[in-house]
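Data first, discussion second: the structure below is written as structure tokens.
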Amino acid sequence: MEIRRREAAAFWMLLVAAVVAMPTCTVSQRHDVGGPAGWAPNVNYTVWAGQEHIYVGEWLYFRFDKRYYNVLEVNKTNYEQCNDREFITNITRGGRDVYQLNETRPYYFLSSGGYCYNGMKLAINVEIKPPPPASAPAKSHGSSLSSNKSVLELVFSIALAYCMLTLVAQFLKNS
Numbered sequence: 516m517e518i519r520r521r522e523a524a525a526f527w528m529l530l531v532a533a534v535v536a537m538p539t540c541t542v543s544q545r546h547d548v549g550g551p552a553g554w555a556p557n558v559n560y561t562v563w564a565g566q567e568h569i570y571v572g573e574w575l576y577f578r579f580d581k582r583y584y585n586v587l588e589v590n591k592t593n594y595e596q597c598n599d600r601e602f603i604t605n606i607t608r609g610g611r612d613v614y615q616l617n618e619t620r621p622y623y624f625l626s627s628g629g630y631c632y633n634g635m636k637l638a639i640n641v642e643i644k645p646p647p648p649a650s651a652p653a654k655s656h657g658s659s660l661s662s663n664k665s666v667l668e669l670v671f672s673i674a675l676a677y678c679m680l681t682l683v684a685q686f687l688k689n690s
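Letter by letter, the sequence shown follows residues 516 to 690 in this note's numbering.
In structure tokens:
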């Protein structure tokens, strides 16, 4: 009888762990800066940023013509003044550049060469992703071990399918 209780307790602990772990298999989102227009003059990046919810660990994707434009991370003062001389980081690599947002803070980007004055500047505020809503704890009704094993296999199968669908959806979205 004692062994059966231990097995049931172990099953429920694994079940709860699987349910808790399921939301963590999501893929970090990639935000295409400027939408279809990309990183270019005369795009209202304030409007674009206002429609985005950007969280720690997510990525900004800058798409632009590297012969003319670049992407510099700057501080707030240099952003406001379109000053490209004292940048923090030059993230330009080839015109299809990604930048991971690793901290909860405001980020400021601009393009040098006077393009900042034509609107090529972006200010975003990166936040901590809110936790998913809590679910009610499962109730145990003393079911048999074979029944518990079947439920556990079902939960892990659902979690795996969820992760795979999330990865496929992210791949298709970014293609």
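In this text, a Cβ means the ideal position worked out from N, Cα and C, and glycines have one as well.
Just so it is clear, the structure is predicted and the values come from calculations on it, not from any experiment.
In angstroms, rounded to a whole number, what distance separates the CA positions of residue i and residue j?
i: Y614; j: L637; result: 13 Å
i: I569; j: G549; result: 14 Å
i: Q596; j: V641; result: 22 Å
i: N593; j: D599; result: 7 Å
i: D547; j: T619; result: 19 Å
i: Y560; j: R545; result: 16 Å
i: E567; j: P645; result: 15 Å
i: E668; j: A649; result: 22 Å
i: P647; j: W563; result: 25 Å
i: W554; j: F579; result: 5 Å
i: P538; j: Y632; result: Low per-residue confidence applies at P538: pLDDT is 49, beneath 50, and the placement is therefore not dependable enough to give any value.
i: D612; j: I673; result: 35 Å
i: G609; j: V558; result: 20 Å
i: V643; j: K591; result: As written in the sequence, residue 643 is Ile, which differs from the Val given in the question. So the alpha carbons of these two residues sit roughly 21 Å apart.
i: F624; j: T604; result: 9 Å
Between the beta-carbon of residue i and the beta-carbon of residue j, is there less than 8 Å?
i: F577; j: V589; result: no
i: P556; j: G634; result: yes
i: G572; j: S543; result: yes
i: I606; j: Y622; result: no
i: L616; j: L575; result: yes
In this structure, how does DSSP classify residue i when only helix, strand and coil are distinguished?
i: W527; result: A caution first: W527 carries a pLDDT of 49, below 50, which makes its placement in the model unreliable, though a value can still be read off. W527 falls in the helix class under three-state DSSP.
i: E588; result: strand
i: Y576; result: strand
i: N598; result: coil
i: A536; result: Residue confidence is low: A536 scores 48 on pLDDT, short of 50, so the model does not pin down where it sits. Its coordinate-derived value is still stated next. Helix, per DSSP.
Taking only beta-carbon atoms, is residue i less than 8 Å away from chain B?
i: T619; result: Looking for chain B here will not work: only one protein chain is present.
Please determine if the stretch 579-592 and the stretch 619-629 are in contact, where contact requires at least 3 C-beta pairs separated by less than 8 Å.
yes
In chain order, each beta strand (DSSP E) run of at least 3 residues that lies wholly inside the stretch 600-657
The qualifying runs are 611-615, 621-625, 636-640.
I'd like the ranges of any beta strand (DSSP E) spanning at least 3 consecutive residues and lying wholly in the stretch 544-569.
545-547
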